[in-house]
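Student: Per my numbering, the sequence shown starts with residue 734, numbered consecutively.
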Amino acid sequence: MPGVGIIEVLQRIRTGRERISLDRKHIERVIETSHSDTAPALSRIAASWRRSIFKHGLDPGEHRAPERVEETALNARRAEMEQFLQVAAPKLDLLFGLVGNSGCAVLLTDAGGVVLDQRCADGDAEVFKSWGLWQGADWSEAAEGTNGIGTCIAENRRLIIHRDEHFLARNTGMSCMDAPIYGADGTIVAALDVSSARADQTEAFNRLIAATVAQTARQIEADNFRASFPGARIIFADSDDSDAAMLLAVDQDDIVVGATRGARKAFGLGSSGPLAPLPASDIFGRGDGPSGFEKAERAAVIRALTRAGGNVSQAARALGVGRATLYRRMNRLGINESAD
734 MPGVGIIEVL QRIRTGRERI SLDRKHIERV IETSHSDTAP ALSRIAASWR
784 RSIFKHGLDP GEHRAPERVE ETALNARRAE MEQFLQVAAP KLDLLFGLVG
834 NSGCAVLLTD AGGVVLDQRC ADGDAEVFKS WGLWQGADWS EAAEGTNGIG
884 TCIAENRRLI IHRDEHFLAR NTGMSCMDAP IYGADGTIVA ALDVSSARAD
934 QTEAFNRLIA ATVAQTARQI EADNFRASFP GARIIFADSD DSDAAMLLAV
984 DQDDIVVGAT RGARKAFGLG SSGPLAPLPA SDIFGRGDGP SGFEKAERAA
1034 VIRALTRAGG NVSQAARALG VGRATLYRRM NRLGINESAD
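1. Does R1036 pass the burial test, meaning 16 or more other C-beta atoms within 10 Å, or should it be called exposed?
2. Would you grab the beta carbon distance between N880 and H895 for me? Rounded to a whole angstrom, and I think it's under 8 Å.
3. Decide if P1075 is buried, meaning its Cβ has at least 16 other Cβ atoms within 10 Å, or exposed.
4. How far does the beta strand (DSSP E) with M814 in it extend, from its first residue to its last?
5. Hey, A950 and A992: beta-carbon distance below 7 Å or not?
6. So, A902 versus H789, is the Cβ gap smaller than 7 Å?
7. For a test of the three-state rule: what should DSSP assign to L941, helix, strand or coil?
8. Where does the unbroken beta strand (DSSP E) through P913 begin, and where does it stop?
9. In or out: L1059 buried (at least 16 other Cβ within 10 Å) or exposed?
10. Hey, which unbroken runs of the beta strand (DSSP E) at 3 residues or more fall wholly within the segment 761-815?
11. For the segment 998-1053, which segments carrying the alpha helix (DSSP H) assignment without a break, of at least 4 residues, lie completely within its bounds, in sequence order?
12. From the DSSP output, in three-state form, read off T949 for me.
13. Using the Cβ count rule (16 or more neighbours within 10 Å means buried), how would you classify E741?
14. Given a threshold of 16 other Cβ atoms within 10 Å of its Cβ, counted over all protein chains shown, does A960 qualify as buried or as exposed?
15. On a Cα-Cα basis, can you pick out the residue from S1046, G1043, E800 that is closest to S873?
16. State the beta-bridge partners of T842 as determined by DSSP.
17. So, with DSSP's three-state summary, where would you put C885?
18. Assign H895 to one of three DSSP states: helix, strand, or coil.
19. Please list the terminal residues of the continuous beta strand (DSSP E) segment that includes F969.
20. Identify which residue in N1044, S1046, I1016, A1051 has its Cα closest to the Cα of A1033.
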């Protein structure tokens, strides 16, 4: 039926012209906003657009394929983060189980914005590959301009980049929801991303996904922290900051040997890098910290005593501390002493 073929061709031409028109408007808006004296100071998106042009030298009208690292380099990056990837994999599976049926892909990158692992439905694979949402793709802000992964890492925060908030015109069909993941030393080690290329994806739906992404990022951060201190006692604290994993690692001598970024911030332990030796009791006794630490310690001591039938020596062994240390803790926490 020749008529059907002609209609299809005309429709494709019309769609292509509309796409070109939309791209041109987006490019003009990005350039105008980036050169504004006030917009970058008032809008984080505008500030990122400005960085993309003036810092990274990018053109919003570029239509090149997304940059990819070579296979050897990708394998090296994955090998360097092998333990982290193993820890994160189950959480990626769970997240994809929640969002995969809605046409979304789940991606995990390193701190440089290179995709190390991803999840997507088989039927969507070619689409996401064509968008560059695949292992080895470089989504740093320097490579792609404003985008969920790169801007999340550059600005050190969770965010949503919805469609025409992207810098490159060719990326404006996507919505990206991202959260940073911090390593045991307090620095960013990865970014967790959920991306969708659906035209009907709403900003309200994006916000729901973004909350799930942030929660999953915290879970991965906490699991990775525990894996980084296999011989330590891990203490959890309640916190008003729902975006932070609040964990401390304490060794057999009751010295703090590790702290998540949230705990570092709450207790003034330095934002990143090695921790100076510090007795856990110095932190637990501070009145300006979250009360959850003291609650967690008291609960742990009571549980140990209960399991030991009140035998302090046995409870101390179970907690990995000395008998005298446990008695001091019990006195400080207001737990009645009981003889062996």
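Where a beta carbon is used, it is the ideal one built from N, C-alpha and C, also for glycine.
All of these numbers come straight from a predicted model, not from anything done at the bench.
Tutor: So, from the data block:
1. exposed
2. The beta carbons of N880 and H895 sit about 11 Å from each other, so the pair does not count as a contact at 8 Å.
3. In the structure displayed, the chain extends from 734 to 1073; residue 1075 sits before or after that span and is not available.
4. Counting along the chain, M814 falls outside any beta strand (DSSP E), and DSSP gives it neither H nor E.
5. Taking a C-beta distance under 7 Å as the contact criterion, A950 and A992 do not qualify as a contact pair.
6. no
7. helix
8. 908-915
9. buried
10. none
11. The segment 998-1053 contains these whole alpha helix (DSSP H) runs: 1013-1017, 1025-1040, 1045-1052.
12. For T949, the secondary structure class from DSSP, reduced to helix, strand or coil, is helix.
13. Low per-residue confidence applies at E741: pLDDT is 46, beneath 50, and the placement is therefore not dependable, though the value from the model is reported in the following sentence. With fewer than 16 other Cβ atoms within 10 Å, it is exposed.
14. exposed
15. That would be E800, whose Cα lies nearest to the Cα of S873.
16. V848, A924
17. helix
18. strand
19. Bounds of the beta strand (DSSP E) holding F969 are 966-969.
20. When only C-alpha atoms are compared, the closest one is A1051.
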